[in-house]
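For the sequence shown, the working numbering begins at 148 and goes up steadily by one. Backbone N, C-alpha and C define an ideal beta-carbon position, used for all residues, glycine too. Contents: one structure, followed by commentary.
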Amino acid sequence: MTIVLRPISYFTTTVILLTLLVSCQTTREIEDPEVAYEQKKYMIAAELFQEEIEDKETDYLKARVAYKIGESYRMANKKDKAVTWYRQAADYGYGPQALYYQGLMLKSLERYEDAIKVFQEYANAEPLEKAKAQNQIQACKQAKKWIEEETNMNVSIPENINSEYSDFAPVLYQDHSLVFSSSRPDSYGDETYGWTGEEFSDFFQTSKNYTKYHEGAAIFSSDGSTMYFTRCGSSGEEDDYCLIYKSQKKPNGVWGEAKRIQFFEDSVNVGHPYLTQNGERLFFSSDAEGGYGKNDLYYVNKTATGWSSPINLGNAINTKGDELFPYLGDDKKLYFASDGHKGMGGLDIFTAQKKGNKWVNPKNMKPPINSGADDFGLIYDKTGPRSEEDKILESGYFCSTRPGGKGNDDIYRFERKNISFYELEGVVKRPVYKDPTDPNSEVVDHEKLPQANVDLLQQFRNKEEKIASQLTGEDASFHFELERSSNYKVMASNEGYFSKSKNVTTKGKNDPDQVTVTIRIEIILEKIFEEKEIVIPNIYYDYDSSSLRDKSKPVLEDLAKLLKENKNIKIEIGSHTDSRGSDAYNQRLSKARAESVIEYLVSKGVNPQRLLAKGYGESQLVNDCVDGVDCTEEEHQKNRRTTFKVVSSDFVKKSVQPDEIEVDPREKDKEQP
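Have a look at this one:
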């Protein structure tokens with residue numbers, strides 16, 4: 148086998164193409180769908196199964212064929228078609244398994260809401276598998292949240308690399324050449340790979356020297372003299388298995404004959420080699436017996452005579468599913484693809500920390516690296532562009548079958564950019580009233596309020612922590628630097644004014660084109676008018692009742708927030724009625740309504756010691772609508788109001804001791820001997 152360099156104009160360095168070679172029929176020679184399926188010629192199998200489904204006379208037989216079509220399309224990575232046929236299989240009565248795989252395909256297509264419904268349907272049809280269904284439902288919900296999260300990672304499709312065919316398994320050759328596999332038609336012969344309907348792979352350069360095998364997933368030694376790669380045959384015998392081979396580069400630049408490296412007995416698939424920089428350890432994936440799942444990750448250590456026995460990476464990494472494409476970063480983190488850990492659908496890329504001699508706590512790399520489709524084969528580009536201007540911290544490549552690419556498998560480039568910092572710029576203002584002595588009068592303007600204290604509190608899941616404080620100057624402005632992907636509360640206060648806060652977040656504020664992201668806010672502080680009633684707008688009660696209507700609650704939520712931010716304030720809640728009805732009745736009703744407001748405020752966490760209820764009945768009408776005067780409903784409405792007024796600004800919470808509890812004097816008299 149010979150590898151030849153072929154330049155691609157997109158890169159400033161040489162790019163080696165590993166082009167996939169054909170090893171199966173170009174025309175459809177198989178006529179039995181079961182034979183095609185067993186030989187893993189899934190596209191051919193799907194076509195043949197569809198030709199025979201209408202000839203089936205019973206729903207039972209149609210269900211079995213529809214399920215096989217769904218399986219064929221799933222294995223060929225035609226997930227949208229698989230969804231259709233799994234649903235048909237379920238409708239024909241195939242059973243819950245068709246629903247489960249339909250859900251998986253919907254999840255892979257990022258149709259998470261649809262997938263959740265199907266997994267719920269599966270749980271109802273198969274109660275013993277409810278936990279399995281719930282795990283998938285939770286994974287769908289988690290994936291939706293991940294998609295909404297802010298990221299400083301950008302993903303793009305490099306120009307002049309990908310084709311309309313499969314392009315995958317990128318690897319860097321001596322840190323300046325990108326090597327990858329491709330099933331584009333440049334490969335030898337006219338045959339196609341029945342699994343996907345595309346061509347097989349081989350290595351090629353300016354002069355092609357092809358082999359009859361399906362080759363890819365290569366890794367080079369640090370000096371570029373040795374290559375390890377995966378070769379999969381199709382002879383129907385031993386070569387049907389994927390195995391790892393080694394090739395040495397000759398002095399004339401030609402790669403020598405590939406020799407198999409055997410880690411297990413025959414009849415075992417081994418592939419996706421990764422060699423550490425010092426050449427002392429080789430990672431790979433295998434379906435050898437004794438593992439934890441379908442394909443596990445292993446490594447072998449270099450010895451004087453070759454390689455040690457394979458060592459399984461353990462169940463912290465390996466699952467019941469597939470673990471593939473290992474890669475070790477400079478930070479000693481392990482990167483790999485898995486469909487067994489909780490992910491977004493299909494294969495996701497995970498990273499795990501090294502602890503002692505093991506790798507533990509694998510974490511999903513989330514979007515945009517991962518998607519609902521298969522994402523795998525991540526590598527870092529240590530020589531990618533780095534400059535203060537573009538602010539790229541790290542970059543690399545990975546493969547994905549996600550929609551929007553050029554072919555079935557595409558190579559994507561990722562770049563993690565740095566945002567220097569977020570800054571918060573704000574100003575504190577106060578309202579200007581038409582009547583400066585009346586808080587219920589019209590607000591005609593807002594003016595800057597100097598000498599205000601502004602606190603910045605960072606919000607965590609269960610707590611808030613003050614991290615900075617400023618006193619505004621004559622321009623009433625303040626300025627803070629913020630962290631990315633964080634939530635904050637900004638609290639402003641000034642003597643003689645109600646303190647007030649605003650929530651600020653840097654989540655979703657990422658702008659890769661800006662060195663600095665600026666968030667601007669205004670905080671308006673209301674003046675405290677002691678012993679002056681302030682009308683609380685939009686407070687409504689049921690007719691002839693003290694029960695609050697739901698549409699009253701938003702404004703009371705705001706009042707509760709105000710009180711919790713001003714813990715030294717004690718207020719009176721006053722309720723007023725119009726003149727209709729008896730004085731005594733209106734007095735009772737207004738008192739009950741004031742108490743209802745207080746009950747609601749207490750339910751929202753306001754200390755009841757700071758609240759007084761006062762029913763005024765019809766004693767403080769704001770117009771001339773007394774008994775006997777004919778008034779409009781609008782005029783009566785002005786008298787029906789709920790108010791609050793500050794009765795003190797020096798409240799201190801006190802613990803009530805038993806001997807301090809007030810007792811009605813008449814009850815005290817009864818206790819006398």
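Check, Outcome
"With a cut-off of 8 angstroms on the beta carbons, I'd call glutamate 612 and glutamine 605 a contact; round off their distance for me.", "5 angstroms"
"Would DSSP call serine 394 helix, strand or coil?", "strand"
"Only counting the same chain, and skipping five residues up and downstream in sequence, which positions put a Cβ closer than 6 angstroms to that of proline 180?", "Ala192, Leu195 and Phe196"
"Can you find at least 3 beta carbon pairs, one from the region 664 to 678 and one from the region 638 to 648, that sit closer than 8 angstroms?", "yes"
"For the candidate residues Lys792, Thr466 and Gly492, whose alpha-carbon lies nearest to that of glycine 721?", "Lys792"
"By Cβ distance below 8 angstroms, which residues in the same chain neighbour valine 799 in space, the five residues on each side in sequence not counted?", "Asn715"
"What does isoleucine 200 pair with, by DSSP beta-bridge criteria?", "DSSP output for isoleucine 200 lists no bridge partner at all."
"May I ask you to report which of helix, strand or coil DSSP gives leucine 168?", "At leucine 168 the pLDDT is 29, less than 50, meaning the model places this residue with poor confidence and gives no usable figure here."
"Near proline 473, which residues of its chain fall below 6 angstroms by C-beta distance, leaving aside the five closest residues on each side in sequence?", "Tyr421, Phe430, Leu444 and Phe483"
"If you reduce the DSSP assignment to three classes, tell me which class glutamate 384 lands in.", "Low confidence applies to glutamate 384: its pLDDT is 48, below 50, so where it sits in the model is not reliable enough to give any reading."
"Would you list the one or two residues that DSSP bridges to arginine 788?", "His723"
"Do the CB positions of leucine 758 and aspartate 691 come within less than 9 angstroms of each other?", "no"
"Under three-state DSSP, which class holds glutamine 409?", "coil"
"Check each candidate in Lys209, Asp478 and Lys489 and name the one with the smallest Cα separation from lysine 279.", "Lys489"
"Figure out for me which residue from Thr450, Ser372, Asn299 and Gly440 has the closest Cα to the Cα of proline 398.", "Ser372"
"In three-state terms, what does DSSP make of glutamine 606?", "strand"
"Leaving out five residues before and five after alanine 760 in sequence, what residues of the same chain have Cβ atoms less than 7 angstroms from its Cβ?", "Ile720, Lys738, Ala741, Glu742 and Ile745"
"Should the region 290 to 304 be regarded as contacting the region 507 to 518, the criterion being three or more beta carbon pairs within less than 8 angstroms?", "yes"
"Any chance the CB of isoleucine 539 is under 8 angstroms from a heavy atom of the ligand COA?", "Because no ligand of any kind appears in the structure shown, any question about the ligand COA cannot be addressed here."
"Give, in chain order, every unbroken run of the beta strand (DSSP E) that is at least 3 residues long and sits entirely within the region 453 to 484.", "470 to 475"
"Excluding the five sequence neighbours on either side, which residues of its own chain have a C-beta within less than 8 angstroms of the C-beta of glutamine 285, listed in chain order?", "Lys489"
"Please report the straight-line C-alpha distance between glutamate 678 and lysine 654, rounded to a whole angstrom.", "42 angstroms"
"Return the CA-CA distance between leucine 603 and glutamate 541, expressed in angstroms with no decimal places.", "32 angstroms"
"Please work out which residues of its chain come closer than 7 angstroms, Cβ to Cβ, to threonine 619, disregarding the five sequence neighbours upstream and downstream, and give them in chain order.", "Val575, Pro597, Gln598, Ala599, Val601 and Phe625"
"Out of His419, Ile614 and Ile458, which has the shortest C-alpha to C-alpha gap to phenylalanine 523?", "His419"
"Could you tell me which whole beta strand (DSSP E) segments of length 3 or greater appear in the region 535 to 602?", "539 to 547, 557 to 564, 568 to 580 and 590 to 595"
"Please specify which runs of the beta strand (DSSP E), each continuous and at least 3 residues long, are wholly inside the region 612 to 671, giving them in chain order.", "624 to 629, 634 to 640, 647 to 652 and 663 to 671"
"Indicate the three-state DSSP secondary structure (helix, strand or coil) for leucine 444 in the structure shown.", "strand"
"Should the region 772 to 788 be regarded as contacting the region 747 to 754, the criterion being three or more beta carbon pairs within less than 8 angstroms?", "no"
"So, tyrosine 184 versus tyrosine 214, is the Cβ gap smaller than 9 angstroms?", "no"
"Taking the straight line between their C-alpha atoms, what separation do you get for arginine 211 and aspartate 238?", "11 angstroms"
"Taking only runs that begin and end inside the region 487 to 517, name each unbroken beta strand (DSSP E) of 3 or more residues, in chain order.", "495 to 502 and 505 to 511"
"When burial is assigned at 16 or more other CB atoms within 10 Å of the CB, is isoleucine 366 buried or exposed?", "buried"
"My understanding is that alanine 463 touches leucine 481, with C-beta atoms under 8 angstroms, so please give their C-beta distance in whole angstroms.", "The pair is not a contact, with the Cβ atoms about 10 angstroms apart (cut-off 8 angstroms)."
"In the DSSP output, which residue or residues are listed as bridge partners for arginine 428?", "Asn448"
"State buried or exposed for valine 265, treating a residue as buried only when at least 16 other CB atoms are found within 10 Å of its CB.", "buried"
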